[in-house]
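Worksheet: one structure, shown below.
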Amino acid sequence: MPYYDHDKNYPFAAFITNLGKYNEGELVGEWVKFPTTAEEMKEVFKRIGIGQKDDFGNPYEEWFITDYDCYVGGLYDKLGEYESLDELNYLASKLDEMSDSEYAQFQAGMEMGDHCGSLQEIINLTENLDCYEIYPDIEDYDDLGRYYIEELDAMQVPEHLKNYIDYEAYGRDVAMDENGSFTDQGYVWDTGSSFHEFYDGERGSIPDEYRVMTFQDDLPEEEKSEWAMDLAFDLDEFFRQRDPQYAAEHPEAHAAKEAIYENLMAGRISALDEKLAALGQTQEDHLPSEIEKFMDATGYEEFLDFDPAEVKAALEDPDKSRIDEMLAFAEKAEREYAAEATAYAQIPADIVAQARAAQGDTFSIYQLKPGDSTRDYRFEPLDAIRNNGLSVKPENYELVYTAPLTAKDDLESIYTRFNVDRPADFTGHSLSVSDIVVLHQDGKDTAHYCDRFGFSQVPEFLEPERAAEVTIPTPDQMATQERVSTPRGSFCVTAMSRAQMEAAGYGVHHQSEDGKYLIMGNGTRAFAVAAEQPEKDNPLRTAEMTLEDDYGMIDGVINNGRRGEELEKAQEYAERTTPEKPSIRERLEDAKRECAEHKPQEGKKPGRDVPEHDCL
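Heads up: the sequence shown begins at -18 in the numbering used here, then just goes up one per residue.
Here's what the structure looks like:
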């Protein structure tokens, strides 16, 4: 095992934080050294309250990574708040398994920077170390030229002519020819070996011994059974109170509860959902909401919502089965997924139209769509987005809430309301960094980005063509003529804020003796920045800033809970419609056609078109 920077025996640690507690103004988290184990990670989640319930009975499900302690050169800037814990553990384990020479090659590859754009690429780098060759102690072109001529005999030079050789020029040509670079490990050159993708970014491709989130994969059978029994009891009581026909058809309450329980445990849920809908229940009501939670927790798959006996019977004798209902069900599910996918394909013009169509003064809240395409934007301050060469794109957002704008409303009061006392009909997450509030006031529309402190206008959200006008400041561009001296040196003052500097990759190194300036550096350069305080006494904002001062780099959060999984349905549509999923449907259709070839077509019997759930 290599020893990392500062003689650490582990490559990095991550501070894992309870998101729900953070949104309540409390930082509850724990440092975790990687590599770790599934057992230890489970205990960490328990200690920081993931899975526990808040004052309203809702479980804390979401977490994010606040900060890293990293002892691998060049890795810190590559890790984000939303990284997979399985991937982090995979990388850390691969690093720990390296010899000293392999680790030197890895560090050289990191400094070369060719395959380090993502955690997936860095993991693959650990398997492609043969792409790089290192010549230790070669620090410049002159050293390189002398090494090639005198040690490797790349050129035969008579002894009396060696003093006339321009070793530096020769070394520069060598480095250019073989794409070489000088690193802390020495001179590194590309061997020309192909870079192979061993890890494709899918969780299933991570070997089991490296996974640490396995404890969240499956709901324990005992817990699932208890949940299903409670839900079956509530459903039966509700049906008896609201549906006289149900009570007449199921005189034995115990047997009815058992039947509902068996359907829940088997994943045959759609009929229950449809019956609730027929009785006027919506997703805002308690029972449909509980069924939805149960479906999410147990891995419900709509395409498999058939009684296996019914499917078997349909395949064996399609003429005597309810094959039409089964086909209708599968086709309905396919249409629903297609419609969901279309709904998420909102174009920029839609957002402008939504704002302008509003009647009277209103405010609208937009939040980022789920999925990989918005990862680099999610919960990032505006400075970080712009400093990374990105812009606020309307196609990345979806409308989650609209309401009248009263005289008492302003941006700060809206922020507080959607964190402290959220309306019952609001289905988005608490208003957070990266969200956008559009004000439709006096016939004009303005877009405001929820930033680290306060709000920032983003006209490019309503006018995408203005995105190119956004400029990205640098410390040099914002430099003043003033300098600040500390015991560690003299530093140029920049007018950039601490938040802007952090977004540009600078961290706090130390503070001036009078406490008026922070010295911030990126490992190469350093500037003096005026110490800042929040402008307004908003308790939620103050809490955020206090947490930042204590732990640094709270640039965003990860929404990796149940809601993110719900909204990814549309993205998984293509996977759901692959041949593997509808294979039952295809087999049913084949069976139906085969039956039709051997028997004359009969007219449909009355009552053939029964509700889809009857096939269950």
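For glycine and all other residues, C-beta sits at the position ideal for the given N, C-alpha and C. Everything numeric in this text was worked out from a predicted model, so none of it was measured.
Enumerate in chain order the residues of its own chain whose CB-to-CB distance from residue 399 is below 6 Å, with the five nearest sequence positions on each side excluded. Non-local C-beta neighbours of residue 399 in its own chain, meaning closer than 6 Å and more than five positions away in sequence, comprise 412, ordered along the chain.
Tell me which residues share the same chain as residue 430 and place their Cβ nearer than 7 Å to its Cβ, disregarding the 5 neighbours each side in the sequence. The answer, listed in chain order, is 363, 373, 417, 436, 437 and 439.
Taking 8 Å as the threshold, find out whether the region 177 to 189 comes into contact with the region 103 to 112 through three or more Cβ pairs. Contact between the region 177 to 189 and the region 103 to 112 is present, because at least three Cβ pairs lie under 8 Å.
Unbroken alpha helix (DSSP H) runs of length 4 or more, entirely within the region 350 to 409: which are they? For the alpha helix (DSSP H) assignment, the uninterrupted runs of no fewer than 4 residues enclosed by the region 350 to 409 are, from N- to C-terminal side, 363 to 368 and 392 to 401.
Hey, could you find the ends of the beta strand (DSSP E) residue 499 is sitting in? Unbroken beta strand (DSSP E) run through residue 499: 498 to 502.
Using 8 Å for Cβ pairs, my map puts residue 43 next to residue 6. What's the rounded Cβ distance? About 16 Å; that fails the 8 Å criterion.
In terms of residues, what are the limits of the alpha helix (DSSP H) holding residue 3? That run of the alpha helix (DSSP H) goes 0 to 4.
Sub-8 Å separation of residue 63 and residue 359 beta-carbons: One thing to note: residue 63 has its Cβ within 8 Å of the Cβ of residue 359.
For residue 466, three-class secondary structure by DSSP: Residue 466 falls in the strand class under three-state DSSP.
Does the beta-carbon of residue 233 have 16 or more other beta-carbons within 10 angstroms, so that it is buried, or is it exposed? In this structure residue 233 is exposed. Its beta-carbon is surrounded by fewer than 16 other beta-carbon atoms within 10 angstroms.
Alpha-carbon spacing of residue 496 relative to residue 512, whole angstroms: Roughly 7 Å separates the two Cα atoms.
Closer than 8 Å by C-beta to residue 675: which residues in its own chain qualify, once you throw out the five before and the five after it? Chain order, please. This structure gives no information on residue 675, because the portion of the chain shown stretches from -18 to 597.
How is residue 86 classed by DSSP in three states: helix, strand or coil? Residue state for residue 86 is assigned as helix, using DSSP reduced to three classes.
Just mark residue 421 as buried or exposed, buried being the case when its beta carbon has 16 or more other beta carbons within 10 Å. Per the 10 Å Cβ criterion, buried.
Between which two residues does the alpha helix (DSSP H) carrying residue 267 extend? Annotation for residue 267: the continuous alpha helix (DSSP H) segment containing it runs 267 to 278.
Residue 299: buried (16+ other C-beta within 10 angstroms of its C-beta) or exposed? Around the beta carbon of residue 299, a 10 Å sphere encloses 16 or more other beta carbons of the protein chains shown; the residue is thus reported as buried.
Residue 133, buried or exposed, once every other Cβ within 10 Å from all chains shown has been counted against 16: Only exposed fits residue 133, as fewer than 16 other CB atoms lie within 10 angstroms of its CB.
For residue 541, which three-state DSSP category applies? With a pLDDT of 38 at residue 541, under the threshold of 50, the modelled position of that residue is not reliable, and the figure given next carries that caveat. Coil.
Does the region 62 to 76 come close enough to the region -17 to 3 to have 3 or more Cβ pairs within less than 8 Å? As far as the Cβ criterion goes, the region 62 to 76 touches the region -17 to 3, which means the pair count is three or higher.
Considering only DSSP beta bridges, list what residue 488 is partnered with. As a beta-bridge residue in DSSP terms, residue 488 pairs with 502.
My output table needs one value for residue -13: the three-state DSSP class, helix, strand or coil. The answer is helix: DSSP assigns residue -13 an H, G or I state.
Could you round the C-beta distance between residue 121 and residue 163 to whole angstroms and report it? I think they count as a contact, below 8 Å. Rounded, the Cβ-Cβ distance is 7 Å, consistent with contact.
Straight-line gap, residue 76 to residue -18 (C-alpha atoms, nearest Å): Between the C-alpha atoms of residue 76 and residue -18 there is a straight-line separation of about 8 Å.
Would you report the Cα separation of residue 144 and residue 138, rounded to the nearest angstrom? Rounded to the nearest angstrom, the two C-alpha atoms are 10 Å apart.
Any idea if residue 582 is buried or exposed, counting beta-carbon neighbours within 10 angstroms, 16 or more meaning buried? With a pLDDT of only 46 at residue 582, under the threshold of 50, the placement of this residue in the model should not be trusted, and no figure is reported.
What do you reckon, are the CB atoms on residue 345 and residue 387 nearer than 8 Å? The answer is no: Cβ separation not under 8 Å.
Where residue 25 falls: helix, strand or coil (DSSP): Judged by DSSP in its simplified three-state form, residue 25 adopts helix.
Assigned secondary structure, residue 251 (DSSP; H/G/I helix, E/B strand, else coil): Here residue 251 sits in helix by DSSP.
I'd like the list of long-range same chain contacts for residue 89, defined as Cβ closer than 6 Å, with 5 residues on each side in sequence excluded. Excluding sequence positions up to five before and after residue 89, its CB lies within less than 6 Å of the CB of 113, 115, 164, 166 and 169, all in the same chain and listed in chain order.
Can you check whether the CB of residue 260 is closer than 8 Å to the CB of residue 223? Cβ distance < 8 Å, so residue 223 and residue 260 count as in contact.
Which residues share a DSSP beta bridge with residue 167? Partner(s): 164.
Three-state secondary structure (DSSP) at residue 145? Residue 145 sits in a helix when the DSSP states are folded into three classes.
Decide if residue 410 is buried, meaning its Cβ has at least 16 other Cβ atoms within 10 Å, or exposed. Result: buried.
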